[in-house]
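**Student:**
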Amino acid sequence: MGPLIPDIISPEWNNIIAIVLGIAFGYVLESAGFSSSRKLVGVFYGYDFAVLRVFFTAAITASIGLLFMDYFGWVNMAALDGLPARVYPIIVGGIIMGLGFVTGGFCPGTCVTAIGIGKLDGYVFFGGIMIGVFVFSEMFPLLENFYNSSNLGDVSVPQYFNMSPYWFMVGVSVIAIIAFYVTLQIRKRIKKVEY
Amino acid sequence: MKKRYIFLALVPIVLSVLLALLPDKSNSIDAKRLAKNLKSAKYTGVSPDKLLLESVNDDRFMQPDELATVIMGQDPSYMLIDLRDAGQFGKFTLPGAINIPSDQILTDENRATFESDAYKYVLISNGTVLSDQVWMILRRAGYDNLKVLNGGLNQFYQLYLNPPKPGELDPSEAFENYRFRKAVGAHLGLPNPDEFIPGGSAAVASPTTTTNKAQTVTKTPTKTVVPKKAASGGDEGC
Chain A
385 MGPLIPDIIS PEWNNIIAIV LGIAFGYVLE SAGFSSSRKL VGVFYGYDFA
435 VLRVFFTAAI TASIGLLFMD YFGWVNMAAL DGLPARVYPI IVGGIIMGLG
485 FVTGGFCPGT CVTAIGIGKL DGYVFFGGIM IGVFVFSEMF PLLENFYNSS
535 NLGDVSVPQY FNMSPYWFMV GVSVIAIIAF YVTLQIRKRI KKVEY
Chain B
11 MKKRYIFLAL VPIVLSVLLA LLPDKSNSID AKRLAKNLKS AKYTGVSPDK
61 LLLESVNDDR FMQPDELATV IMGQDPSYML IDLRDAGQFG KFTLPGAINI
111 PSDQILTDEN RATFESDAYK YVLISNGTVL SDQVWMILRR AGYDNLKVLN
161 GGLNQFYQLY LNPPKPGELD PSEAFENYRF RKAVGAHLGL PNPDEFIPGG
211 SAAVASPTTT TNKAQTVTKT PTKTVVPKKA ASGGDEGC
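Here the protein sequences come in this chain order: A and B. Under this note's numbering, read the first sequence as residues 385 to 579, first letter to last. Under this note's numbering, read the second sequence as residues 11 to 248, first letter to last.
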C-alpha cells in the first residue's frame, strides 16, 4: 500500500485499497453535505464555510499525521510524489478552477459525489469537465511553453524558504484555527441563507 | 459546544508543536526530499570523498581466477560487460560477455543495464585502466555491484594461455592452481602451450590469434528496475 507498510500489504492490493478509500472518501464528502452546490459556493458568498473548514481540517490532519508517520519511519515522505511547482501556470490554473467552482458550484470530486446521489447538475458539471479536458488536450501544443514555464521542481514550501517543516506545520495549524474562528464570526454576522 | 471547539482547535496545534520539539531529526523529511531531488537530477551517486576512499581500496578488483571460476561455473549472478569497441569485441571476448563500449556507457539504454540488483557487473577491457575509469564514472553515477577485472583481458588470456608452471618446491596449491588454469584454458578453447611451444613458456601466441569467437549478445537479459516513482502526477482532487 504505497510507501506505507509495503512489506505487509503487497502492491497487488493497491487498486482494491484505492477503491475502498475512494468509496469512503465519497461517503464522507456526501455526509458532509458536499454534494450540494449551494453549500459549496457558500464559502464564496460568506454564508457557509463548511468547505474551508473541512478541507483545511483534512489538510492539517493529513499533514500532521504524515509528518508523525515519517518521523517514526512508517512512511517515507520522500517517496511520495509531488507535482512540480510551476508558479505562474498554477496561478492561472487556480483562477480558472476558482471561476469554474463559483459558477458551476462544484469542484471535480464533489461533482462526482453529486452524480452519486443522482443530481442532474452534477452530470452537467461532469460533462463540462470532460469538454474542458478535451479542449485543453487539443490546445496543449499552443499552451505547452507556458504550461512548463517557471518550474521550480518538486519543492515544498518549507524547503523553498529553507525552514523546518515542523515549525511550518505549527504555523499552518495556527492559521487554520484563526481561519476557523474568523469564518465563525463572519457567519454570525451574515444573514442565514436557507438552502 | 464551544468547549469542544476549543479542545479540537488545540489538538492540531499541540500535535504540531510536539512534532517541532521532538528530538533527533535524523529522519528529517528535508534530508530525504533533498536526496530524492538529487536522485531526479541523476546525481545519486556516492559523494566524492567516499568515492575517493573507495578508489584507494582494492575491493573492486576481481582477480582472473575468481572470474574464471565464475565462467566455468556459469554463475548467472555475474554479468560480464566488455567495454571495448564493437570491432575488438567481435574478434574475441569472454563467454557470456555483452558489449557496452565505454563511450556509450551512460546512454539511457545502457544505464538501465546497471540498475538491476540481481547482478554483479564485471567491467572488462584490454587492461585495467579503461575499466577502472568506467568503474569510477558508474560509481559516481550511483550504480552498485561493480567489479573491475584486474589486469584486463590481456592478463586473463596470458594467465590461462600460458599459466606459470609451479616450481618443484612450491606448495600443492600452486599445482592445483596450475591445473585449474590449464583446465580453464582448455575450456576457453585456448591452445595448450605444452603442445606447440617448444620448452613451454618462452613465446606465447598473442591472444588475438585465439579463435574463441565472440558470443555476440547484444541484448541485455536484465530485469530492469524502474526508478522508484510513486504513482505519478495525479490531481489533488477535492
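Glycine is no exception: its CB is placed at the ideal position from the N, C-alpha and C atoms. Here the structure is a predicted model, which is why all the values come from computation and not from measurement.
Assuming A/I499 contacts A/Y507 under a Cβ cut-off of 8 Å, what Cβ separation, rounded to an integer in Å, is found between them?
**Tutor:** With 8 Å as the limit, A/I499 and A/Y507 qualify as a contact, their Cβ atoms being about 6 Å apart.
**Student:** Could I get the ranges of all uninterrupted alpha helix (DSSP H) runs contained in the segment 527-557 of chain A, with 4 residues as the minimum, in chain order?
**Tutor:** Runs of the alpha helix (DSSP H) inside the segment 527-557 of chain A: 541-544.
**Student:** Does any residue of chain A have a CB that is nearer than 8 Å to the CB of B/L22?
**Tutor:** The displayed chain sequence assigns Pro, not Leu, to residue 22 of chain B. Yes, because at least one Cβ of chain A sits closer than 8 Å to the Cβ of B/P22.
**Student:** Based on the DSSP output, what are the partners of B/Y131 in its beta bridges?
**Tutor:** DSSP, once it has assigned bridges, lists B/M89 and B/L156 as partnering B/Y131.
**Student:** Secondary structure at B/I108, three-state DSSP: helix, strand or coil?
**Tutor:** If DSSP states are grouped into helix, strand and coil, B/I108 belongs with the strands.
**Student:** What are the residues of the segment 403-415 of chain A that lie near chain B, defined by any Cβ-Cβ distance shorter than 7 Å?
**Tutor:** For the segment 403-415 of chain A, which is checked against every Cβ of chain B, not one residue is closer than 7 Å.
**Student:** Using the C-alpha atoms, what's the distance from A/G430 back to A/Y565?
**Tutor:** Their Cα atoms are separated by approximately 14 Å.
**Student:** Counting only beta-carbon atoms, is A/W551 nearer than 8 Å to chain B?
**Tutor:** It does: the Cβ of A/W551 has a partner Cβ on chain B nearer than 8 Å.
**Student:** Exposed or buried, what is B/W145 when buried is set at 16 or more other beta-carbons lying within 10 Å of its beta-carbon?
**Tutor:** Buried, by the Cβ-count rule.
**Student:** When you compare each of B/Y153, B/K13, B/A128 and B/L20 to B/P86 by their alpha carbons, which one comes out closest?
**Tutor:** Here the closest residue by C-alpha is B/A128.
**Student:** Mark B/T79 as exposed unless 16 or more other C-beta atoms lie within 10 angstroms of its C-beta, in which case mark it buried.
**Tutor:** That one is exposed.
**Student:** Any C-beta of chain B sitting closer than 8 Å to the C-beta of A/S420?
**Tutor:** No, A/S420 does not count as interfacial toward chain B.
**Student:** Quick test of your reading: B/L133 and B/S141, contact by CB under 8 Å. State the CB separation rounded to the nearest angstrom.
**Tutor:** Right, the Cβ-Cβ distance comes to about 4 Å (below 8 Å), so this counts as a contact.
**Student:** Quick test of the definition: if touching needs 3 or more C-beta pairs under 8 Å, does the segment 11-26 of chain B touch the segment 475-492 of chain A?
**Tutor:** With the cut-off at 8 Å, the segment 11-26 of chain B and the segment 475-492 of chain A do not touch.
**Student:** Kindly identify the DSSP beta-bridge partner or partners of A/R470.
**Tutor:** In the DSSP output, where bridge partners are listed per residue, A/R470 has A/N535.
**Student:** Taking just the CA atoms, how far does B/Y170 sit from B/L200?
**Tutor:** Straight-line Cα distance between these residues: approximately 8 Å.
**Student:** For a contact meaning CB atoms closer than 7 Å, what does B/L32 contact in chain A?
**Tutor:** Correct list: Y455.
**Student:** Quick check on DSSP: helix, strand or coil for B/F71?
**Tutor:** It is a strand residue.
**Student:** So is A/V554 in contact with chain B if we call contact Cβ pairs under 8 Å?
**Tutor:** A/V554 counts as touching chain B.
**Student:** For a contact defined as C-beta to C-beta under 9 Å, what are the partners of B/L151 on chain A?
**Tutor:** Residue identity differs from the one stated: residue 151 of chain B is Ala in this sequence, not Leu. Neighbours of B/A151 on chain A: none; closest Cβ ~20 Å, over 9 Å.
**Student:** Secondary structure at A/P492, three-state DSSP: helix, strand or coil?
**Tutor:** Residue state, collapsed to three classes: helix.
**Student:** Note down, in chain order, every chain B residue with its Cβ under 8 Å from the Cβ of A/I444.
**Tutor:** Ordered by position in chain B, the residues that pass the 8 Å Cβ test against A/I444 are P22 and S26.
**Student:** By Cβ distance below 7 Å, which residues in the same chain neighbour B/F185 in space, the five residues on each side in sequence not counted?
**Tutor:** The answer, listed in chain order, is P176.
**Student:** Using the beta-carbon count (16 or more within 10 Å), is A/V404 buried or exposed?
**Tutor:** Looking at its Cβ environment, which holds fewer than 16 other Cβ atoms inside 10 Å, A/V404 is exposed.
**Student:** In angstroms, rounded to a whole number, what distance separates the CA positions of B/K223 and B/G100?
**Tutor:** Low confidence applies to B/K223: its pLDDT is 42, below 50, so where it sits in the model is not reliable enough to give any reading.
**Student:** Indicate whether the contact test is met: 3 or more Cβ pairs, each with one atom in the segment 519-533 of chain A and one in the segment 448-459 of chain A, closer than 8 Å.
**Tutor:** No, the segment 519-533 of chain A does not touch the segment 448-459 of chain A.
**Student:** Does DSSP classify B/Y15 as helix, strand or coil?
**Tutor:** Of the three classes helix, strand and coil, the one that applies to B/Y15 here is helix, per DSSP.
**Student:** In this structure, does DSSP put B/W145 in helix, strand or coil?
**Tutor:** Here B/W145 sits in helix by DSSP.
**Student:** Rounded to whole angstroms, what is the Cα-Cα separation between A/R437 and A/P525?
**Tutor:** Straight-line Cα distance between these residues: approximately 38 Å.
**Student:** Rounding to the nearest angstrom, what Cα-Cα distance links B/P181 and B/Y188 in this structure?
**Tutor:** Each residue's Cα considered, the two are about 11 Å apart.
**Student:** Rounded to whole angstroms, how far is the Cβ of A/P542 from the Cβ of A/S534, which I believe are closer than 8 Å?
**Tutor:** Going by Cβ atoms, the distance from A/P542 to A/S534 rounds to 20 Å, so no, they are not a contact pair.
**Student:** Quick check: what's the CA-CA separation for A/L467 versus A/G449?
**Tutor:** Spanning the two alpha carbons is a distance of roughly 20 Å.
**Student:** For A/I570, does the count of other Cβ atoms within 10 angstroms reach 16, so buried, or fall short, so exposed?
**Tutor:** Per the 10 Å Cβ criterion, exposed.
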